[in-house]
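Numbering (my numbering), first residue to last: 86 to 181.
Structure below.
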C-alpha cells in the first residue's frame with residue numbers, strides 16, 4: 086500500500102507520523118530551554134532553567150493541543166524521547 090493511502094501522515098519509510106508536534110529544545114545562544122510547536126517560527130514559551138521544567142510545561146501544553154511531545158538533547162538537539170498525547174495512530178496493544 087502506498088503512503089498516500091494511509092489515514093495519517095506517513096514519512097518516506099511508510100511509518101505513520103503524528104499530525105501535531107511539540108518540541109522541548111535548548112537554545113545555546115540564550116542558555117535556556119524552550120517549548121515550540123512544530124511548524125511555528127516562535128516558541129510557545131521559553132526561559133526554563135532546566136529541561137525537566139520545560140518538559141513539565143510542554144507535556145501539559147501537548148495534552149491541551151493533542152500533540153506528540155518530542156524532547157531534544159541539549160548537546161546536539163537530536164530527539165531524545167517522544168510521548169504521544171492525543172490521537173495516537175499506533176496505541177499500545179493492551180490499550181487498543
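Glycine residues also receive a C-beta, built at the ideal position from the N, C-alpha and C atoms. Computed from a prediction, not measured in an experiment: that's the story for all the values here.
Between the region 107–116 and the region 138–148 there are three or more C-beta pairs closer than 8 Å, enough to call the two in contact. CA-to-CA, the gap between residue 126 and residue 146 works out to about 17 Å. Here residue 152 carries a coil assignment [DSSP, helix/strand/coil]. Proximity to residue 150 across 123, 115, 179 and 131 peaks at 123, based on C-alpha coordinates. With 16 or more other Cβ atoms from the protein chains shown falling within 10 Å of its own Cβ, residue 121 counts as buried. At least 8 Å separates the beta-carbon of residue 107 from that of residue 132.
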